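Numbering (this note's numbering), first residue to last: 21 to 227.
Ideal Cβ positions, reconstructed from N, Cα and C, are used throughout, including at glycine.
All values reported here derive from a predicted model rather than from experimental measurement.
Here's the structure we're looking at; comments come further down.
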Amino acid sequence: MGETQNIREPKNALVLTGSPRPNGATIALVDCFVAQWRAQMKPEDPVQIISAYEAALKPCIHCGYCKHTQGCTYDDFIPLDRAFQNADLLVVASPVFCLGFPAPLKAIFDRTQQYYEAKFSLGIQKPVEKPKYALFLVTFGSPDSRGAAMMEEQLRLVFHLLNARLEHTVMARNTDTLPLDRIGLGHTFQGILQDFKTKMNSTNPSR
Ligand SMILES: Cc1cc2nc3c(=O)[nH]c(=O)nc-3n(C[C@H](O)[C@H](O)[C@H](O)COP(=O)(O)O)c2cc1C
Numbered sequence: 021m022g023e024t025q026n027i028r029e030p031k032n033a034l035v036l037t038g039s040p041r042p043n044g045a046t047i048a049l050v051d052c053f054v055a056q057w058r059a060q061m062k063p064e065d066p067v068q069i070i071s072a073y074e075a076a077l078k079p080c081i082h083c084g085y086c087k088h089t090q091g092c093t094y095d096d097f098i099p100l101d102r103a104f105q106n107a108d109l110l111v112v113a114s115p116v117f118c119l120g121f122p123a124p125l126k127a128i129f130d131r132t133q134q135y136y137e138a139k140f141s142l143g144i145q146k147p148v149e150k151p152k153y154a155l156f157l158v159t160f161g162s163p164d165s166r167g168a169a170m171m172e173e174q175l176r177l178v179f180h181l182l183n184a185r186l187e188h189t190v191m192a193r194n195t196d197t198l199p200l201d202r203i204g205l206g207h208t209f210q211g212i213l214q215d216f217k218t219k220m221n222s223t224n225p226s227r
């Protein structure tokens, strides 16, 4: 009995990336995060990375299907739903494109309308059951952080539907002219993951 109570469930990180460039600043920022995750967490704690460009979801067509039936008329969201349901920590990593999210990432966010309808039209209290600790990693070419601030507001809305709480935003600015400060970012992610572990332990001591 005592033994089973002490079993620690793995913690799952899900990273959703919004850059089309595998060698760009956003993926470098994700690499810094993943390196810290691997250093700080246990080997059985997986990190799944989903590229919005590779997932290439169809945009929401506002057909009304999700208002009457849980899910979506298109089936391409199913792997993402599975990933959202499993995640303990959710990271959205994106460049700023014209003060907003690149189109494939925006398409994913619009498709979370199915969770909104599940809750408010179908009466399903928690369409995404597991609460999540969420991070926003954002890169932009200029020193102007207005795009990042607007994207953060959009994300708060989406995170609410995903049962996720935005805990930290990490910005890398001037990416078109300056290299990433990998050492500084390593320290930042180290502190964030310590906070994540503390919060996970205080909300569920058996985890
Ligand atoms: C279509 C497009 C729109 C962009 N819009 C902005 C912008 O509004 N503000 C800004 O600071 N940088 C903007 N940028 C620059 C990118 O945010 C910056 O280069 C970013 O680091 C790219 O991410 P990546 O290196 O991961 O591909 C834009 C770049 C592109 C290609």
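Worksheet item: What residue range is occupied by the uninterrupted alpha helix (DSSP H) comprising residue 46?
Response: Counting from 1 along the sequence shown, the entry for residue 46 is found at position 26. First-last of the alpha helix (DSSP H) with residue 46: 45-60.
Discussion item. By the DSSP assignment, the alpha helix (DSSP H) with residue 222 in it spans what residues?
Written reply: Walking along the sequence shown from the start, residue 222 turns up at place 202. Run containing residue 222: 202-223, per the alpha helix (DSSP H) assignment.
Worksheet entry | Option in 115, 123 and 40 with minimal Cα separation from residue 191 | Here residue 191 refers to the residue found at position 171 of the sequence shown. Nearest of 115, 123 and 40 to residue 191, Cα basis: 115.
Practice prompt. May I ask whether a heavy atom of ligand 1 can be found less than 6 Å away from the beta carbon of residue 141?
Written response: If you number the sequence shown from 1, residue 141 lands on position 121. Flag unset: Cβ of residue 141 not near ligand 1.
Item to complete: Please name the residue or residues paired with residue 153 in a DSSP beta bridge.
Response: In the sequence shown, the residue the question calls residue 153 occupies position 133. BP columns for residue 153 point to 109 and 185.
Discussion item. Tell me whether the stretch 121-140 and the stretch 177-186 touch, counting them as touching only if at least three CB pairs, one residue from each stretch, are closer than 8 Å.
Written reply: yes
Fill in: Reduced DSSP category for residue 117 - H, G, I as helix; E, B as strand; rest coil
Along the sequence shown, one-based indexing puts residue 117 at 97. DSSP places residue 117 in strand when its eight states are reduced to three.
Worksheet item: Any heavy atom of ligand 2 within a distance shorter than 6 Å of the CB on residue 196?
Response: The model on display carries ligand 1 but not ligand 2.
Discussion item. Measuring only from the beta carbon, is residue 116 closer than 6 Å to any heavy atom that is part of ligand 1?
Written reply: For the purposes of this step, residue 116 is identified with residue 96 of the sequence shown, where counting begins at 1. It does: the Cβ of residue 116 is within 6 Å (strictly closer) of some heavy atom of ligand 1.
Item to complete: List the whole-angstrom C-beta distance separating residue 122 from residue 44, where the pair is believed to meet the contact cut-off of C-beta under 8 Å.
Response: Position 102 of the sequence shown, counted from the start, is the residue given in the question as residue 122. Position 24 of the sequence shown, counted from the start, is the residue given in the question as residue 44. About 11 Å; that fails the 8 Å criterion.
Worksheet item: Is it buried or exposed for residue 159, if we count other Cβ within 10 angstroms and need 16 for buried?
Response: As a working note, residue 159 is residue 139 in the sequence shown. Answer is buried; the Cβ neighbour count reaches 16.
Practice prompt. Run the proximity test for residue 161: is its beta-carbon closer than 6 Å to any non-hydrogen atom belonging to ligand 1?
Written response: For the purposes of this step, residue 161 is identified with residue 141 of the sequence shown, where counting begins at 1. At least one heavy atom of ligand 1 is nearer than 6 Å to the Cβ of residue 161, so yes.
Item to complete: Answer with buried or exposed for residue 42, where buried requires no fewer than 16 other C-beta atoms within 10 angstroms of its C-beta.
Response: Looking up residue 42 in the sequence shown gives position 22. By the 10 Å Cβ count, residue 42 comes out exposed.
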